[in-house]
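Following: one structure in structure tokens, then a few remarks.
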Amino acid sequence: MINKKRRIFYILLVSCLAFIVGCSEKKANDKSNGSTTNSTNENATNGSVEDKDKLNQNAQAMGRYIETPCGTIENGVDMGKLTIMEDKTIVILDTRTGDLHTSKDEGETWETEEVRGIKSLLVKPNCEITSGAVNRKGDIFFSYIPWDEITDANATNMERYVYIAKNGEEKEFKLTINNNALRLQKAEFANDGVLYALTIGDEIIKINPDDESVETVFEGESYLNTFAIDGLYLVAEGEGVGYIYNTQTKELIMNDSVLNDFLKANVKGDQLCQLAANDKENAIYVACSEGVYRHVINGNVMEQLVSGELTNLGSPSNRATSFKVKEDGSFLIGYDSGELDSYSYNAEVPSVPSNQIRIYSLRENKTIQQAIVNYRKNNPDVFIKLEIGVTGDDAVTSTDAIQKLNTSILAGDGPDLIVLDGLPMDSYIEKGVLYDLSEAMKEVEQSDTYFTNVTHAYQTENGLYGVPMKFQIPIIIGNEKEITKADSLEKLSQMIQDMRAGDNKTATIMGGYTPKEVLEHLEMGCSAAWLTKEGKIDEEKLNEYLRYAKAIYESELEDLTEDMISTQIGYRKEISDMLNGQMSKLLSITPQLSRMMFGDQQIVVGYVDGINDYQMLLATLKQDTSISYQRFDLQSGYNFIPKGIMGVNSASKDMDTTLDFYKSLYSEKLQEADVREGFPVNKTVFAKLAKGKDITESYIGSSDRNGREVSYHLTIPTDEEMKRLLELAEGLTTPSLMDNTIQDTVETFGEKVLSGEISLDDGVKAIIQKVDLYLQE
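Heads up: the sequence shown runs through residues 0 to 776, numbered per numbering that gives the first Met the number 0.
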């Protein structure tokens, strides 16, 4: 149980604490999922001519599931507790509001009534509704904890349980199992009315409200994310393992290798799924970011019924929270956005839309994934194919992926749009690969206001060939008297040396325990200075960067024991595994702020990724008034990190559709989608950030592996606080270097310099030699 709690804390820590738990990091890339997968929409897996031919063949094939939004419910609704009753009425229990929503016409129209038992509790302070469910006859169950009434933190009866029959008869009771307290995460009724629940102890239990008894069905081997029960089968998922429980024979299947391989590949980190079962087919259904899949228990395939690329399932800002398979083979899927969609098979439509454009991104970009979902809704006849160069699921390196992309471009078979992050944008401009976006942006900017300092950061006298969709702001946080000194590499190095001389030598100053970590922190304030106006490496700047980086690294580790260092490196590896290797997330300020408050570092150098990061920053400043923040300006000033730099291939074969999609990237609808990839470049959306539905006042807390605790009072940013953030954003002028090959080269040889493997002069020479060769290619 300790390990499970620790895991929960780590996810909170690296995912913006309480803000982003369960936010959907979805993959719209092409990968092998470790098992045989049949698909009704066999989409291309790369940008080759062969794949385009495959797309064209599929365009002639007919039949696919069509996504249709159901009628909206006024003021929104939590879709997590969805039921289809015996008379086909659709019911949604919203325990956040205490309302019961019903539809007798397949979700077209809705009626709402209050559940007084829940409403009466919600008006009480500190009363938490922990689970809820409705059975097929209309009976309601929910659980709650009246925190103000709890005097003993170790009490075994904190949670209360209520059963409301269809006739209005209400019963409240308490439950315990093996003299331990219960705490429910989720409750579900089976078709026969039997009540099951998932506890925070990762147990599936069966509850009998009549005699107030509890029976353990099974316990997950590790953390359980979700479960579903319809008829014969109860299915659950946890950390890549599928649990299939036969409620009649009480047999538990955990070794369905095809199902488990699929879950391991497609449901990991915080990419969650929803489950369903079909007794007649002896089949399990999985709804995840890749689509809806059907799997016969212990069968050989995962059959794709619905493509995530063509539906809301592929949206990184829309997480499926409920999933029901109807008797006619259609589906209902509810999303955390409050949208309920119906999926029905139509044999008369093409399996893949006939109009197609292609987008390339070196790495996953959730803003583009969201843009594809948005555009598809308004343009159902257009299929947008997204290719990810480096997925992490194979041995393909960024160099391999870039070479493959360049080959396809030279062959005249390149993508229509290119996410330029990590790519040789200057080379593409020089070779005429990219289309001048000046006129397109002029049209975009006539309809709204933008941070033109960001959208035109790559403007040249010859045109505009790349425009960021989002941006992050690098800052330094710490004692105000100290950080005001750190406006150059030399001064930052001296500041860290001075702080190290006066501390207790139990942790680093900046949080850097490896050469790579130190270089990545410093890069945010330096990389824009590494290239001259002529596009060559600036030897003087590079020498200065590595010289002071080495001095800072040595100061960071001064007098730290090997055990201290290895413990911290091990901690970071655990986090990396949970984030599927995406360690760049640890450069966000939020996880670092927690480490600073725990005393594991004294200053924070990182980027502000969005309004939730800013809330955490403000909460920290209020907790310790000696702390302040400022821009992280070292070798370059007024730095920002561009995210999703969009370019258009000048050789696009469908320029009208390509430009129409391109312009949609800067619309309010897309820019307001919070996918944790930076601030919007649209000023109208930026101005509304503090008024978003997810921005609330709250108290959150966390603890580390040593039992230390810290709590924060998160408030809604005031007008004055938002004004300061706006002024900070408006002043940014310098985009960080985004060429992946140059970054990797500096980092590779820089690590050797910092570790003492090679000399500073040899490292600088090696970098210049390799980069010059790269720039000449």
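Note that CB positions come from ideal geometry on N, CA and C, so glycine has one too.
Proximal residues to G298 (C-beta, below 7 Å), its chain only, five neighbours per side dropped
Here residue 298 is taken as the residue at index 299 of the sequence shown, counted from 1. Close CB contacts of G298 within its chain, under the 7 Å cut and outside five residues either way in sequence, are with V257 (chain order).
Nonlocal neighbours in the same chain, by C-beta distance under 6 Å from N354, ignoring five residues either side
For the purposes of this step, residue 354 is identified with residue 355 of the sequence shown, where counting begins at 1. So the qualifying residues of the chain are D380 and V381.
Starting from L99, follow the beta strand (DSSP E) in both directions and report where the run begins and ends.
Translated into positions along the sequence shown, residue 99 becomes position 100. Per DSSP, the unbroken beta strand (DSSP E) holding L99 starts and ends at D98 to S102.
What's the call for D98, buried or exposed, on a 16-neighbour Cβ count within 10 Å?
To locate residue 98, count along the sequence shown from 1; it is residue 99. In this structure D98 is buried. Its beta-carbon is surrounded by 16 or more other beta-carbon atoms within 10 angstroms.
With distance defined between alpha-carbon atoms, name the residue in L463, A319 and I551 nearest to S649.
Here the question's residue 649 lines up with position 650 in the sequence shown. Measuring from the Cα of S649, the nearest candidate turns out to be L463.
Residue from C525, E533, L518 and E573 with nearest C-alpha to E555:
Numbered from 1 along the sequence shown, position 556 holds the residue referred to as residue 555. That would be L518, whose Cα lies nearest to the Cα of E555.
Can you pull the DSSP bridge partners for Y449?
Taking the sequence shown and counting its residues from 1, the one referred to as residue 449 is at position 450. Assignment of beta-bridge partners to Y449 by DSSP yields N681.
If I follow the unbroken alpha helix (DSSP H) through S343, where does it start and stop?
Residue 343 sits at position 344 when you count from the first residue of the sequence shown. Per DSSP, S343 lies in no alpha helix (DSSP H); the unbroken beta strand (DSSP E) holding it starts and ends at L339 to P349.
Do you know offhand how far I442's Cα is from H455's?
For the purposes of this step, residue 442 is identified with residue 443 of the sequence shown, where counting begins at 1. For the purposes of this step, residue 455 is identified with residue 456 of the sequence shown, where counting begins at 1. It is Glu, not Ile, that sits at residue 442 in the sequence shown. Between E442 and H455, the C-alpha separation is close to 14 Å.
May I ask you to report which of helix, strand or coil DSSP gives H777?
The displayed coordinates of the chain run from 0 to 776. Any statement about residue 777 would go beyond what the structure contains.
Taking buried to mean at least 16 other C-beta atoms within 10 Å of its own C-beta, is N40 buried or exposed?
Counted from its first residue, the sequence shown places residue 40 at position 41. Low per-residue confidence applies at N40: pLDDT is 37, beneath 50, and the placement is therefore not dependable, though the value from the model is reported in the following sentence. Under the 10 Å beta carbon count, N40 is surrounded by 16 or more other beta carbons and is classified as buried.
Could you check whether the stretch 583-594 touches the stretch 541-553, counting it as contact only if at least three pairs of C-beta atoms, one from each stretch, sit closer than 8 Å?
The stretch 583-594 makes no contact with the stretch 541-553: fewer than 3 CB pairs, one atom from each, lie closer than 8 Å.
What does a CB cutoff of less than 7 Å around T683 pick up in its chain, not counting 5 residues either side in sequence?
Within the sequence shown, numbered from 1, the residue matching residue 683 stands at position 684. Counting only Cβ-Cβ distances below 7 Å, and skipping sequence neighbours, we find D447, T448 and E667.
With three or more C-beta pairs closer than 8 Å as the rule, is the stretch 226-246 touching the stretch 268-277?
Cβ pair count under 8 Å is three or more, so yes.
Which of helix, strand or coil DSSP assigns to K642:
Counting from 1 along the sequence shown, the entry for residue 642 is found at position 643. Secondary structure of K642 (DSSP, three-state): strand.
When the Cα atoms are used, what is the spatial distance from E746 to S119?
Mapped onto the sequence shown, residue 746 falls at position 747. Mapped onto the sequence shown, residue 119 falls at position 120. Roughly 59 Å separates the two Cα atoms.
Leaving out five residues before and five after M61 in sequence, what residues of the same chain have Cβ atoms less than 8 Å from its Cβ?
On the sequence shown, position 62 is the one that residue 61 refers to. A346, E347, V348, P349 and S350, listed in sequence order.
Going by C-alpha to C-alpha distance, which of T459, G524, A264 and E726 sits closest to K490?
Taking the sequence shown and counting its residues from 1, one reaches residue 490 at position 491. That would be G524, whose Cα lies nearest to the Cα of K490.
Could you check whether the Cβ of T67 sits closer than 8 Å to any Cβ belonging to chain D?
Protein chains in the displayed structure number just one, and chain D is not present.
V13 by DSSP, collapsed to three states: which one?
As a first step, residue 13 is located in the sequence shown; it is residue number 14 there, counting from the start. The predicted model places V13 with a pLDDT of 39, which falls under 50 and marks its position as unreliable, so this point remains unresolved.
Exposed or buried, what is C22 when buried is set at 16 or more other beta-carbons lying within 10 Å of its beta-carbon?
Position 23 of the sequence shown, counted from the first residue, corresponds to residue 22. With a pLDDT of 37 at C22, under the threshold of 50, the predicted position of this residue should be treated as unreliable, though the coordinate-derived value follows. Classification for C22: buried.
Closest by C-alpha distance to M615, when choosing among G510, D632, I715 and K572
Counted from its first residue, the sequence shown places residue 615 at position 616. Of the listed residues, the one whose Cα sits closest to M615 is I715.
Can you tell me which residues form a DSSP beta bridge with A227?
As a position in the sequence shown, residue 227 is number 228, starting the count at 1. Its beta-bridge partners are V234.
Measuring only the C-alpha atoms, how far is L331 from Q303?
Stepping through the sequence shown from its first residue, residue 331 is reached at position 332. Stepping through the sequence shown from its first residue, residue 303 is reached at position 304. Roughly 16 Å between the two C-alpha positions.
Identify whether R357 lies in helix, strand or coil by the three-state DSSP scheme.
Residue mapping note: residue 357 aligns to position 358 of the sequence shown, counting from 1. Of the three classes helix, strand and coil, the one that applies to R357 here is strand, per DSSP.
Closest by CA to Q184, which one among D104, R95, S142 and K469?
Here the question's residue 184 lines up with position 185 in the sequence shown. Answer by Cα proximity: S142.
Once you ignore the five residues that flank T310 on each side, which residues in its own chain have a CB closer than 6 Å to its CB?
Residue mapping note: residue 310 aligns to position 311 of the sequence shown, counting from 1. Taken in chain order, the residues that qualify are E66.
Taking the CB atoms as reference points, tell me whether A282 and A319 lie closer together than 8 Å.
Working through the sequence shown from its first residue, we reach residue 282 at position 283. Working through the sequence shown from its first residue, we reach residue 319 at position 320. Against a cut-off of 8 Å, the Cβ pair of A319 and A282 comes out as no contact.
Enumerate in chain order the residues of its own chain whose CB-to-CB distance from S487 is below 7 Å, with the five nearest sequence positions on each side excluded.
Within the sequence shown, the letter at position 488 stands for residue 487. Within the same chain, L633 come within 7 Å of S487 by CB-CB distance, once the 5 residues on both sides are set aside.
Rounded distance between the beta-carbons of A370 and S651, thought under 8 Å:
Along the sequence shown, read from residue 1 onward, the residue named residue 651 stands at position 652. Along the sequence shown, read from residue 1 onward, the residue named residue 370 stands at position 371. Actually they do not touch by this definition, with Cβ atoms about 16 Å apart.
DSSP on I508, reduced to helix/strand/coil?
Mapped onto the sequence shown, residue 508 falls at position 509. Note: I508 maps to coil in three-state DSSP.
A672, enclosing beta strand (DSSP E) - first and last residue
The count along the sequence shown starts at 1 and reaches residue 672 at position 673. A672 -> no beta strand (DSSP E), and no H or E assigned at all.
Based on DSSP bridge pairs, tell me the residues matched to H712.
Position 713 of the sequence shown, counted from the first residue, corresponds to residue 712. Beta-bridge pairing links H712 to Y698.
Flag this pair as touching only if the stretch 126-144 and the stretch 186-199 have three or more C-beta atom pairs under 8 Å; answer yes or no.
Yes, the stretch 126-144 is in contact with the stretch 186-199.
Quick check on DSSP: helix, strand or coil for I588?
If you number the sequence shown from 1, residue 588 lands on position 589. DSSP, read as helix, strand or coil, puts I588 in helix.
Sheet register partners of E558 (DSSP bridge):
Walking along the sequence shown from the start, residue 558 turns up at place 559. According to the sequence as given, residue 558 is Asp; it is not Glu. D558 is not bridged to any residue.
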